[in-house]
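These protein sequences, in sequence, are chains A and B. For the first sequence, numbering that gives the first Met the number 0 gives the first residue as 0, with consecutive numbering after it. For the second sequence, numbering that gives the first Met the number 0 gives the first residue as 0, with consecutive numbering after it.
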Amino acid sequence: MSLNVEHASVRVLPSEKPLRLLDNAGHAVTGAATGGFGLPDSETLLDLYRKMVVARRFDVQVTALTKQGRLATYPSAYGQEACEIGAVAALTTDDWLFPTYRDSVALLTRGIEPGDILAAFRGDWHNGYDQHAHRTAAQATPLATQTLHAVGLSHAARLRHDPVVALTFLGDGATSEGDAHEAFNFAAVWQTPTVFVVQNNQFAISVPLERQTRAATLADKAVGYGMPGYHVDGNDVAAMYAVTQAAIDRARSGGGPTLIEGVTYRIEAHTNSDDPTRYRAARDVEHWKRRDPIERLEKYLVSEGALTEALRTEIADAAEALAERTREVMTTEAEIDPLELFDHVYGRDRAALLEQRAALEAELAAGAFASHAGAAR
Amino acid sequence: MTATVTSSTSAEASAPTQLTMAGALNAAMRDAMTADDRVVVYGEDVGPLGGVFRVTDGLQAEFGTDRIWDSPLAESGIIGTAIGMAMYGMRPVVEMQFDAFSYPAFEQMVSHVAKMRNRTKSRVTLPMVVRIPCAGAIGGVEHHSDSSESYWASTPGLTVVMPSNPADAYSMLREAIDSDDPVVFMEPKSRYWSKAPLALPVTTAPMDRAEVVREGTDVTLIGYGPTVRTALEAAEAASEEGLSIEVIDLRSLSPFDDATVGASVRKTSRAAVIHEAAQFGGYGAEVAARITERNFHHLAAPVLRIAGFDIPFPSPKLEEYHLPTANRVLAALDTWEWDA
Ligand SMILES: Cc1ncc(C[n+]2csc(CCOP(=O)(O)OP(=O)(O)O)c2C)c(N)n1
Ligand SMILES: [Mg+2]
């Protein structure tokens, strides 16, 4: 069987207003604004709620630990939980995720341990988790580069006739990178089972969206590549989940890639070393805080009688337990063996690296580095 | 240069026929694709056209469009998607059309291809080959002749090799495709049409080894890719004047075979390295430094570099002035004090 696809381009124009299933007051939306997507059932929404609450607690905890100097850096996802979790929750365990540095809470949702998610942020030289076991690539920092990896992996799965989809996150700023363009185009031309989720959090560090693009929406870009694009309220987890689910289903059944733009807001600074007071007004942040994705879903679930006080307490306890576990791992000094620096550069031994490794080993043995455990004290 | 060639015993070798380097590379891909269905080939114009140098000639007709296909025209896209395919267990062999057009892929190469194994503690490896037609002497117009080897060779995590003859081209490409680590496979364009009698499959020395291709006692001349021939020509001419030159074909730029080069230099006590790339910061600087650091007390003279000028690669009408020649090599050797 050949994977050659007929040359038919897709023209799905994204909606001008972000489509949504729950409004900010927590009421179910009806009519054209839903884009024809249906509200997920209560069980799914409760699960998403639980995941978001746990993720929020985790994020706040890690930001606090970063301020205490336990991490070298932490890009917070505060306020973006609906975007991250709505999208990732729609993946199966066989599907792959290609995340960025921003997406710690998505990794948490995939079942990756806090200490492993944060390994590189705390200053280790590697990504902590098993990428194959979790079907989650190492967090990418060079912007938009990971989008091409997602296209390649999902194309390989398709060539192998495996029903595997790859989902990749990228930021609003990253859509300006050439690799984003190349990934959108390769995916569309090859009709790969890829879902691109652009988290439009309005800023690339300090640079606002209007300095990145003249397009009316980032989802509009999809049209030029011949793939469907969806402009979604990224603080509505129900909408993010439903739209991503549909994109994944289409990808899995051979329908090709989709570009989803989730409109959201970065509540925290870019990272701990950023100073947002230099480029945005506090009242803008307050405006978006009143559009909190968790509160919105909570209002809906309470009004439906689905979220009981007992359940709320249980979820809060689970979140607290995770925060405690996170504090524990992050306040325990990670043992990093400097000699491992040489061990994973190549699969085969190289004489030059072995020489350099031996030289460092001798320095360590001689106590040349006070910070090293083996040093003479 | 058939001295080092040994016919493989693992598969039945065909009777020797004259094969060009392009033909040998083509055969290596065909045999690798036959042996392992995870091997896929893509790039610009590699399908029905068979590549601008015809290195993939006939492969699409034989294997179909799911195994070898024309990709959209974007080098970062080619390398970036190959990374994803390799993560999934495929063995992509991708072609950069010319070395001067591989630069859009620089970020993917340096930030991901080179680092993936390390930053994932060997959990994610990238068994992929990036084929790059390289160097000059084909009368290429602007941007069609370049020598990008030191960019790649100076990047930790990459393995960089460059064959100089058809037998090595076949053997080293098979080995590169079989490798679990990414390999930058540089193909000297001016040697694509060079011929040798070959019985395939052929297995030459491992691709991380340098080879002594002509023995000598007075000078070690080091070349790779296109300049191995230059070195051999210089050695032949010098022998008529009673100077015995040993010629080494580096074959591998990263890793560097210090052992083979060092043994030769300790024997001859004089060394020079030849490459087409500009001299400043070029690969020869590393060769000279390594030889000097490790063998200084065996050296009778400074290590010389015979390289391209420190200028952008010249136009077809002017490239002959730029490229190292046997005469220029011999003139350089003449600058040494021979009585000292
Ligand atoms: C290729 C590249 N250029 C620059 C940077 C430095 N940098 C890191 S994050 C960032 C802003 C990215 O903004 P966006 O894509 O909107 O993602 P966000 O951080 O808002 O999630 C920049 C410029 C980088 N990581 N990679
Ligand atoms: Mg952003």
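For every residue, glycine included, the Cβ atom is placed at its ideal position computed from N, Cα and C.
| request: Provide the residue span of the beta strand (DSSP E) that contains B:GLU245, from first to last. | output: Stepping through the second sequence from its first residue, residue 245 of chain B is reached at position 246. Looking at the DSSP string, the run of the beta strand (DSSP E) that includes B:GLU245 is 244 to 248.
| query | Going by alpha carbons, who is nearest to A:GLY110 out of A:ARG134, A:ALA315, A:ASN23? | reply | For this step, residue 110 of chain A is matched to residue 111 along the first sequence. Closest by alpha carbon: A:ARG134.
| request: List the endpoints of the continuous beta strand (DSSP E) containing B:ARG304. | output: For the purposes of this step, residue 304 of chain B is taken as residue 305 along the second sequence, with counting starting at 1. First-last of the beta strand (DSSP E) with B:ARG304: 303 to 307.
| request: Find the residues of chain B that neighbour A:THR174, judging by a C-beta separation of less than 7 angstroms, and give them in chain order. | output: In the first sequence, the residue the question calls residue 174 of chain A occupies position 175. Those do not exist, as A:THR174 stays about 15 angstroms from chain B at its closest Cβ, beyond 7 angstroms.
| task | Determine the DSSP secondary structure at B:SER251, reduced to helix, strand or coil. | result | Counting from 1 along the second sequence, the entry for residue 251 of chain B is found at position 252. Looking at B:SER251 - three-state DSSP - the assignment turns out to be strand.
| Status (buried if at least 16 other CB within 10 Å, exposed otherwise) for A:SER302 | As a first step, residue 302 of chain A is located in the first sequence; it is residue number 303 there, counting from the start. Exposed, since its Cβ has fewer than 16 Cβ neighbours within 10 Å.
| said: Using a Cβ-Cβ cutoff of less than 6 angstroms, which residues in the same chain neighbour B:ASP179 once the five nearest sequence positions on both sides are dropped? | reply: Within the second sequence, the letter at position 180 stands for residue 179 of chain B. These residues qualify, in order along the chain: THR124, PRO126.
| request: In the DSSP assignment, find the unbroken beta strand (DSSP E) run with A:HIS230 in it and report its ends. | output: As a working note, residue 230 of chain A is residue 231 in the first sequence. Segment 228 to 232, the beta strand (DSSP E) holding A:HIS230.
| query | So what does DSSP say about B:HIS296, is it helix, strand or coil? | reply | Indexing the second sequence from 1 puts residue 296 of chain B at position 297. Here B:HIS296 sits in helix by DSSP.
| How should A:PHE185 be labelled, buried or exposed, when 16 other C-beta atoms within 10 angstroms of its C-beta is the threshold for buried? | In the first sequence, counting from the first residue as 1, residue 185 of chain A sits at position 186. Burial call: buried.
| message | For the structure I just gave you, are there three or more beta carbon pairs, one from the stretch 87 to 107 of chain A and one from the stretch 344 to 351 of chain A, closer than 8 angstroms? | response | Counting C-beta pairs closer than 8 angstroms gives fewer than three between the stretch 87 to 107 of chain A and the stretch 344 to 351 of chain A, which falls short of the contact rule.
| said: Please tell me whether, using a cut-off of 7 angstroms, the distance from the CB of A:ASN200 to the nearest non-hydrogen atom of ligand 1 is below it. | reply: Here residue 200 of chain A refers to the residue found at position 201 when the first sequence is read from its first residue. Indeed, a heavy atom of ligand 1 lies less than 7 angstroms from the Cβ.
| query | Per the contact definition of three or more C-beta pairs closer than 8 angstroms, is the stretch 65 to 82 of chain B in contact with the stretch 146 to 166 of chain A? | reply | yes
| Between A:VAL231 and A:VAL194, is the Cβ-Cβ spacing less than 8 angstroms? | Translated into positions along the first sequence, residue 231 of chain A becomes position 232. Translated into positions along the first sequence, residue 194 of chain A becomes position 195. No.
| field | Bridge-paired residues (DSSP) for A:GLN138 | value | Taking the first sequence and counting its residues from 1, the one referred to as residue 138 of chain A is at position 139. None; A:GLN138 has no bridge partner.
| said: Looking only at its chain, what residues have a beta carbon closer than 8 angstroms to the beta carbon of B:GLY22, apart from the 5 residues adjacent to it on each side? | reply: Walking along the second sequence from the start, residue 22 of chain B turns up at place 23. For B:GLY22, where only same-chain residues beyond five positions count, the Cβ hits under 8 angstroms are PRO165.
| request: Report the three-state DSSP secondary structure of A:THR276 (helix, strand or coil). | output: In the first sequence, residue 276 of chain A corresponds to position 277, counting from 1. A:THR276: helix per DSSP, three-state reduction.
| request: Taking only the alpha-carbon atoms, compute the straight-line gap between B:VAL109 and B:SER144 and give it to the nearest angstrom. | output: Translated into positions along the second sequence, residue 109 of chain B becomes position 110. Translated into positions along the second sequence, residue 144 of chain B becomes position 145. When rounded, the distance between both Cα atoms is 22 angstroms.
| field | Classification of B:PHE279 by the beta-carbon crowding that lies within 10 angstroms, buried from 16 upward | value | The residue given as residue 279 of chain B occupies position 280 in the second sequence. Looking at its Cβ environment, which holds fewer than 16 other Cβ atoms inside 10 Å, B:PHE279 is exposed.
| Can you tell me whether DSSP reads B:GLN17 as helix, strand or coil? | For the purposes of this step, residue 17 of chain B is taken as residue 18 along the second sequence, with counting starting at 1. Looking at B:GLN17 - three-state DSSP - the assignment turns out to be strand.
| task | Give me the Cα-Cα distance between B:ALA325 and A:LEU70, rounded to the nearest whole angstrom. | result | Against the second sequence, residue 325 of chain B aligns to sequence position 326. Against the first sequence, residue 70 of chain A aligns to sequence position 71. Between the C-alpha atoms of B:ALA325 and A:LEU70 there is a straight-line separation of about 58 angstroms.
| task | State yes or no: is the beta carbon of B:HIS296 nearer than 8 angstroms to at least one beta carbon in chain A? | result | In the second sequence, counting from the first residue as 1, residue 296 of chain B sits at position 297. No, B:HIS296 does not count as interfacial toward chain A.
| query | Going by C-alpha distance, which of B:HIS274, B:GLU318, B:SER268 is nearest B:TRP335? | reply | In the second sequence, residue 335 of chain B corresponds to position 336, counting from 1. Checking every option, the nearest Cα to that of B:TRP335 belongs to B:SER268.
| query | DSSP three-state call for A:ASN184: helix, strand or coil? | reply | Locating residue 184 of chain A in the first sequence gives position 185, counting from the first residue. In this structure, A:ASN184 counts as helix in the three-state DSSP scheme.
| task | Compare the C-beta of B:TYR102 against all C-beta atoms of chain A and say whether one is closer than 8 angstroms. | result | The residue you call residue 102 of chain B lines up with position 103 of the second sequence. With 8 angstroms as the cut-off, B:TYR102 does not count as an interface residue toward chain A.
| Span of the alpha helix (DSSP H) holding A:HIS148? | Along the first sequence, one-based indexing puts residue 148 of chain A at 149. Residues 144 to 158.
| task | Please report the Cβ distance between B:LEU157 and B:PRO181, rounded to the nearest whole angstrom; I am assuming they are in contact, meaning their Cβ atoms lie under 8 angstroms. | result | For the purposes of this step, residue 157 of chain B is identified with residue 158 of the second sequence, where counting begins at 1. For the purposes of this step, residue 181 of chain B is identified with residue 182 of the second sequence, where counting begins at 1. Contact holds; Cβ gap of about 7 angstroms.
| field | A:HIS371 at chain B interface by Cβ criterion, 8 angstroms | value | In the first sequence, the residue the question calls residue 371 of chain A occupies position 372. Judged by the 8 angstroms Cβ criterion, A:HIS371 is not in contact with chain B.
| Would you say B:ARG304 touches ligand 2, meaning its beta carbon is less than 7 angstroms from a heavy atom? | Stepping through the second sequence from its first residue, residue 304 of chain B is reached at position 305. For ligand 2, not one heavy atom lies less than 7 angstroms from the Cβ of B:ARG304.
| task | Run the CB neighbour count on A:GLY127, radius 10 Å, all protein chains shown included, and call it buried at 16 or more, exposed below. | result | What you label residue 127 of chain A is simply residue 128 of the first sequence in a count that begins at 1. With 16 or more other Cβ atoms within 10 Å, it is buried.
| said: For a test of the three-state rule: what should DSSP assign to A:PHE120, helix, strand or coil? | reply: Counting from 1 along the first sequence, the entry for residue 120 of chain A is found at position 121. A:PHE120 falls in the coil class under three-state DSSP.
| Is the distance from the Cβ of B:ALA198 to the Cβ of B:SER314 below 8 angstroms? | Position 199 of the second sequence, counted from the first residue, corresponds to residue 198 of chain B. Position 315 of the second sequence, counted from the first residue, corresponds to residue 314 of chain B. With contacts defined by Cβ atoms closer than 8 angstroms, B:ALA198 and B:SER314 do not form a contacting pair.
| Whose C-alpha, out of A:PHE202, A:ILE84, A:THR243, A:ALA365, is nearest the C-alpha of A:ASP273? | As a first step, residue 273 of chain A must be located in the first sequence, where it is residue number 274. Selected option, being the one with the closest Cα: A:PHE202.
| said: Residues of chain B with CB closer than 9 angstroms to the CB of A:VAL150, please, in chain order. | reply: If you number the first sequence from 1, residue 150 of chain A lands on position 151. Correct list: GLY76, GLY79, THR80, GLY83.
| task | Pick helix, strand or coil for B:PRO91, following the three-state DSSP scheme. | result | If you number the second sequence from 1, residue 91 of chain B lands on position 92. Strand, per DSSP.
| If we cut at 8 angstroms on Cβ distances, does B:TRP335 have a partner in chain A? | Numbered from its first residue, the second sequence carries residue 335 of chain B at position 336. B:TRP335 does not count as touching chain A.
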